[in-house]
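Everything on this sheet refers to the single structure shown next.
Number of protein chains: 2
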Amino acid sequence: MAVDREHVLRSAADLLTRKSTATMDEVAKAAGISRATLHRHFAGRDALVRALESLGIEECEAAVDAARPDEGPASDAVRRLVRELQPAAGLLAFLYGESQLWEGEPQNDGWAHLDARIGAVFQRGHHSGEFRVELTPAWLTEALYGLIASGAWAVQDGRVAARDFPTMVAELLLGGALRRETSHVPKESSRDREIG
Amino acid sequence: MAVDREHVLRSAADLLTRKSTATMDEVAKAAGISRATLHRHFAGRDALVRALESLGIEECEAAVDAARPDEGPASDAVRRLVRELQPAAGLLAFLYGESQLWEGEPQNDGWAHLDARIGAVFQRGHHSGEFRVELTPAWLTEALYGLIASGAWAVQDGRVAARDFPTMVAELLLGGALRRETSHVPKESSRDREIG
DNA sequence: TAGAAATGAGACATCAACGTCTCATGTGCG
DNA sequence: CGCACATGAGACGTTGATGTCTCATTTCTA
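Going line by line, the protein sequences match chains L and E.
Residue 184 in the working numbering sits at position 184 of the first sequence, and the numbers go up by one each step.
Residue 137 in the working numbering sits at position 137 of the second sequence, and the numbers go up by one each step.
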């Protein structure tokens, strides 16, 4: 009976990832509930997007936690990060596009916290000498979001296989960020394969 | 008297890059004309976006031409390409986001032509052994668009300096695509500096 | 200069999405 | 069983953007 708020948000995320301009009616239908009920749980479109924003931040924070960003080489941390972020990639792509519209509005500062955590990984890579200093942490963070969004869309349109997503994103990003002498990009250490 | 169609399109591109949901009224104001006149030149919002699409394709094609994609090392071709594409980056970012909405609609197949030309550069890099084969040309092309869009937004929000745009985008992209033994990224050859 | 053409300003109807509301139905719980 | 509550369906008014139209004004041109 009681609507599963989580399920509604997941459905909305799925739909809005594919069609960011979807109607409240479409969102409701996608979740299998009526528009009235949708409005009972989310005061309006804004409230829904805010909720999705919170969900996205939660998922990303959880992904960063799971990626153990402070452990081992920064490059491995980035690989883990991309892998952990993949489930949230679609939602992230939607929110990344949406964020271009919030001009001066009081946006959720959860993003700032997330940016800082991710930026710290790149910064760590700089200090350890793993990453090239020409590319700033801020830009690498931005590029990570951008590549994840591009990857999510490419997967959705069938231009990239879902199973290749982590490799495509992480190896492209790292190749640019990683300073290394050899052309061989190491496989992920076996320790990092327990999940994938 | 006669409205400068080019100027209207430029203004619209500038505005829509910053605010993709801008109203026809806002577009008109940004171009310094009345909404009525805007409608006289572009039958509606769709027509305007179509025109912007054509403009974007034109500019990209011109940029690819100017980048001499078949000359010299593929990596240098990519650097030239990014540099030539920078002026169109904002428009490209808008259209890239917009393209996520056209599901099955008959989109301008000028994009296919452009994709093919850009993809060919990466393919050339694969065949010559410059680029890593793990990253497909299709993905590299997608990533190029994504990074240009990310770069355009980062510049607009002041997170990246405009003058650093070509370096940030090209070096990140190439570092991932380029197979090289040394960590030193070569400066652009002096031949390529005549424009920048 | 006079006519033709283009523009600006604004009125107007239309339409789609929104948000609110009501009422009947169905489900869970005491 | 009977009550309370959540839902579904749909009506309703509102809003914002769109597209069309008119008319006075300005600008170009013959």
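Every residue, glycine too, gets a C-beta built ideally from N, C-alpha and C.
Nothing here was measured: the structure is a model prediction, and the numbers come from that model.
In the structure shown, phenylalanine 131 of chain E falls within a strand segment according to DSSP collapsed to helix, strand and coil.
The beta carbon of alanine 51 of chain E sits closer than 7 Å to those of Leu9, Phe42, all from its chain and outside the five residues before and after it, given in chain order.
In the three-state reduction of the DSSP assignment, glutamine 100 of chain L falls in the coil class, being assigned neither a helical nor a strand state. Listed in chain order, the alpha helix (DSSP H) runs fully inside the region 131-168 of chain E are 137-156, counting runs of at least 4 residues. From the beta-carbon of glutamate 171 of chain E, the residues of chain L found nearer than 8 Å are Arg132, Glu134, Leu135, Gly176. Judged by DSSP secondary structure, isoleucine 57 of chain E falls within the alpha helix (DSSP H) whose first and last residues are 45-66. Counting along the chain, the unbroken alpha helix (DSSP H) around serine 11 of chain L starts and ends at 5-18.
Interface flag for alanine 47 of chain L against chain E is unset, since no Cβ pair is found closer than 9 Å. Put simply, the backbone Cα of leucine 38 of chain L is about 11 Å away from that of glutamate 26 of chain L. Using a Cβ-Cβ cut-off of 9 Å, threonine 167 of chain E is close to Glu134, Leu135 of chain L, given in chain order. In this structure alanine 93 of chain L is in contact with tryptophan 153 of chain L, their Cβ atoms being roughly 6 Å apart against a cut-off of 8 Å.
Restricting attention to E:Ser75, E:Ala13, E:Glu71, the CA atom closest to the CA of phenylalanine 131 of chain E is found in E:Ser75. Sequence-distant partners of alanine 30 of chain L (beyond 5 residues in either direction) whose C-beta falls short of 6 Å from its own C-beta, in its chain, are Ser11, Leu15. Not a single C-beta of chain L is nearer than 9 Å to the C-beta of valine 78 of chain E. Beta-carbon to beta-carbon, glutamine 156 of chain E and arginine 45 of chain E are separated by about 22 Å, too far to satisfy the 8 Å threshold. Its Cα nearest to that of alanine 22 of chain L, the residue L:Val49 stands out among L:His7, L:Val49, L:Asp4, L:Glu6. Between the alpha carbons of glutamate 61 of chain E and arginine 163 of chain E lies a gap of roughly 22 Å.
Counting along the chain, threonine 23 of chain L sits inside no alpha helix (DSSP H), nor does DSSP assign it H or E at all. Between arginine 83 of chain L and alanine 170 of chain L, the C-beta gap is smaller than 9 Å, which places the two residues in contact.
Just measuring C-alpha positions, the residue of E:Glu134, E:Glu53, E:Phe165 sitting nearest proline 87 of chain E is E:Phe165. Contacts with chain L at 9 Å (Cβ-Cβ) do not include threonine 37 of chain E. Of the candidates L:Met24, L:Ala13, L:Arg40, L:Ser20, L:Arg40 places its Cα closest to the Cα of alanine 2 of chain L.
The shortest CA-to-CA distance from aspartate 109 of chain L to any of L:Leu144, L:Thr136, L:Gly56, L:Val78 is the one to L:Gly56. Rounded to the nearest whole angstrom, the CA to CA distance from glutamine 123 of chain E to valine 78 of chain L is 27 Å. The beta carbons of leucine 95 of chain L and glutamate 142 of chain L sit about 14 Å from each other, so the pair does not count as a contact at 8 Å.
Chain E has a Cβ within less than 9 Å of the Cβ of lysine 19 of chain L.
With a threshold of 9 Å between beta carbons, valine 160 of chain E makes contact with chain L. Leucine 173 of chain E and aspartate 4 of chain L have their C-alpha atoms spaced approximately 42 Å apart. Proximity to leucine 85 of chain L across L:Ala138, L:Ile118, L:Glu103 peaks at L:Ile118, based on C-alpha coordinates.
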